[in-house]
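This report concerns only the one structure given below.
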Amino acid sequence: MTFSIHGLAVSRGIAIGRAVLVASSRVDVAHYFVKPDQVDAEIGRVRAGRDAVVDEIHRLQESITRMGPKEAPQELSALLDVHLMLLQDEELVSGVKHWITDRLYNAEWALTTQLEIIARHFDEMEDAYLRERKADMEQICERILRAMKGSQSPIVQPVQRGGRKPSQQDLLLDDTVDVPLVLIAHDLSPADMLQFKQSVFAGFITDVGGKTSHTAIVARSMDIPAVVGARTCSQLVRQDDWVIIDGDAGVVIVDPSPIILAEYGFKQRQGELERGRLQRLLHTPAITMDDQKVQLLANIEMPEDAQVALKAGALGVGLFRSEFLFMGRQGRLPDEEEQYQAYKKAVEGMQGLPVTIRTVDVGADKPLDDSVRDNAHLNPALGLRAIRWSLADPGMFLTQLRAILRAAAHGKVRMLIPMLAHASEIRQTIAHIEKARAQLDRRGVAYGPIQLGAMIEIPAAALSLRLFLKYFDFLSIGTNDLIQYTLAIDRADESVAHLYDPLHPAVLRLVADTIAEGRAQGKDVSVCGEMAGDVTMTRLLLGLGLRSFSMHPAQILAVKQEILRADASKLEAWAQGVCDAEEPGEELSSRPMPL
Ligand code: PEP
Ligand code: MG
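As structure tokens, this is what we get:
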């Protein structure tokens, strides 16, 4: 039966495929396809993993038997019997074989997929004792996964099987051809999401998350359709269900009828054609009709993204979120050399164009590690995040500063500091940069000049612009956080997503003043939050005087199209009118926009 689920639109486009349900705790398992001739070896890996766990349990049982009857823990012994029984479970064994043989999933993916199915069956059981066996099943699968760790199969590049994109006709007529897969999870951390960057998945859905949560931002940077905040989606959809993701409307359609499939197939093709048309603007300079030059920059997460930025026509990197180098490493931070190599790679990758490296911004919805989410009672968005975290750990901060300074010897580097609010933080930051330079001097290591910039993303910063303009060469407005902190709305919480309003008059006032004051002092001001890549905002920002936008590479051409069609001088009075309105959102859509 067809039904739809409404969530938040994150990443445009339509994806049509089969659902792959993944529990949040199991996403760090590799997902790739094996070749048909690797199927037997892959099944062998799971078998070997299972045999190793069986041996382990037998050894444990023997050691229990050797204990006297008094010390022998009876409960443990019974539990081990249950585990041995579950290891032979027919549903587990045949299911894993099915995913590997028929779908060519790698062994770990097959095991976790089948575990999801079995876990649901347990959840549906009436008998409480049987329901509790789910935890045992999860435990034995985790143990098999651990046992398999030493036997990774050669990773096959994540590709569409057969190398051919299925046509809509295939989808409608034949359910067994190779089809795209969409990943559905309750939650995905930004680091989890990053893992999927080169993955097999054609789209993503999560139950939780806001539109500018970092998970959503990474999904957007992958330029594939995604919906977050879909509430109970991961419970309502079953493994292998057909699913349509409408990333523009934020809607998920489950089990679509052939007519709906055909309609969305058509929309999907239209979207692809539109993207193709935009490619024609690739080499056109971003200049308004009244000759105002606009700088379009890219936001990147990893050094390799520099290639994507260049291909999209970016004139530089306006935001390199360096924290992604720090995440998902079980707390082991990258050392100076590793960071230096990563920054250098991004700088060289941009072939002489400027690269803005933001110092680490972990905390809030970007934990270093998934296991470090132990302070649920606190409010991490207001806690030790970004520059506060850096200043609290000078050794770590100096390491990063030295690495960035060294990378600056290879090209144009701008250093950007996140979450500043206090004069004391500014002074400490500058002192640390001086110290990092002095340390490099003492070591005789080469480094280059940098421009220093501050993120304006806390209302206190936007209201202390004089201070910021005194110390910094440029400003970058982080609208994602500026909205969060101005409106007291957690950007990662879907339950208050309807109140997260980029067009709130208070937010617009702070953005407008920052642009105006920066320009008045001859300082470069850009916007690097999601607002910069939103085409419905382009003219408003142009009218407010913005001439530098930094966004996901995939958005650059659509924003450029808006710029080419705009007359910036005519937009000025209109933009002020929108900002001064009681409901700027209504004003933006109703007041005729000057062309
Ligand atoms: C922002 O806050 O707008 C921003 C660009 O930084 P981040 O999204 O990484 O917090
Ligand atoms: Mg921010």
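Read left to right, the sequence shown gives residues -14 to 580 (my numbering).
Built from N, CA and C at the ideal position, the CB exists for glycine as well.
Small disclaimer: the values here were computed from a predicted structure and weren't measured.
Cut-off 6 Å between Cβ atoms - residues of its own chain near residue i, not counting five sequence neighbours on either side
i	result
G313	A176
V492	I468 and T471
I102	Q224
P288	A327, K330 and A331
A92	E27, R30 and V31
L267	G298
M516	T464, P487 and M522
G(-2)	P210, G232 and G256
F189	L168, A204 and A211
I418	L386
K119	A104 and F107
I415	none
Distance between beta carbons of residue j and residue i, contact taken as under 8 Å
i	j	result
A551	R524	5 Å
D582	A4	The requested residue 582 does not occur in the structure, where the chain is confined to residues -14 to 580.
L89	P165	Between P165 and L89 the Cβ distance is about 14 Å, and since that is not below 8 Å, they are no contact.
I85	I28	6 Å
A271	A283	The Cβ separation is near 13 Å, so there is no contact.
E479	G194	6 Å
A291	G334	3 Å
A539	L(-7)	Going by Cβ atoms, the distance from A539 to L(-7) rounds to 18 Å, so no, they are not a contact pair.
W559	G514	With 8 Å as the limit, W559 and G514 do not qualify as a contact, their Cβ atoms being about 22 Å apart.
L401	S461	6 Å
A584	T191	Here the chain comprises residues numbered -14 to 580, so residue 584 is not present and cannot be evaluated.
V69	I49	Residue identity check: residue 69 is Leu in the sequence provided, not Val. So it is not a contact: roughly 13 Å between Cβ atoms.
Residue i, buried or exposed, once every other Cβ within 10 Å from all chains shown has been counted against 16
i	result
P352	buried
T273	buried
E442	buried
V7	buried
D475	buried
K196	buried
T384	buried
D231	buried
A445	exposed
E567	exposed
L156	Note that L156 scores 43 on pLDDT, short of 50, meaning its location in the model is unreliable and no value can be drawn from it.
S409	exposed
L363	exposed
I244	exposed
L405	buried
L367	exposed
Under the three-state DSSP convention, the category residue i falls into
i	result
S554	helix
Q153	With a pLDDT of 44 at Q153, under the threshold of 50, the modelled position of that residue is not reliable, and the figure given next carries that caveat. Note: Q153 maps to helix in three-state DSSP.
S533	strand
A297	coil
L100	helix
G316	coil
R88	helix
G368	coil
F309	helix
E571	helix
F457	coil
Q59	helix
A170	strand
A291	helix
Q264	helix
Q385	helix
Q145	In this prediction, Q145 has a pLDDT of 39, which is less than 50 and means its spatial position is unreliable; what the coordinates show is noted afterwards. The answer is coil: DSSP assigns Q145 none of H, G, I, E or B.
S(-11)	strand
Same chain, Cβ closer than 7 Å to residue i, neighbours up to 5 away in sequence not counted
i	result
V520	A543, V544 and E547
E286	L179, V203, S206, R306 and F309
L318	F311 and M381
L72	R35, V38, V39 and I125
P477	Rather than Pro, the amino acid found at residue 477 in this sequence is Ala. Once the five neighbours on either side are set aside, the close Cβ partners of A477 are G194, G195, S198 and D350.
L495	P444, A447, L467 and T471
L96	V31, V81, C126, I129 and L130
V185	H16, Y17, F18, P143 and L166
Sequence-distant residues of its chain with Cβ nearer than 8 Å to residue i (five each side left out)
i	result
G337	G396 and K397
M110	R116
Q424	L383 and R387
G261	none
Q506	L454
Every unbroken alpha helix (DSSP H) within the stretch 392 to 445, with a cutoff of 4 residues, ordered by chain: 408 to 428
Inside the stretch 326 to 350 only - beta strand (DSSP E) runs reaching at least 3 residues: 340 to 343
Contained beta strand (DSSP E) runs [length at least 3] in the stretch -9 to 42, N- to C-terminal order: -7 to -4 and -1 to 6
Completely contained alpha helix (DSSP H) runs for the stretch 180 to 258, where each covers 4 or more residues: 199 to 206 and 218 to 221
3 or more residues per run - each beta strand (DSSP E) lying fully within the stretch 461 to 540: 509 to 512 and 533 to 536
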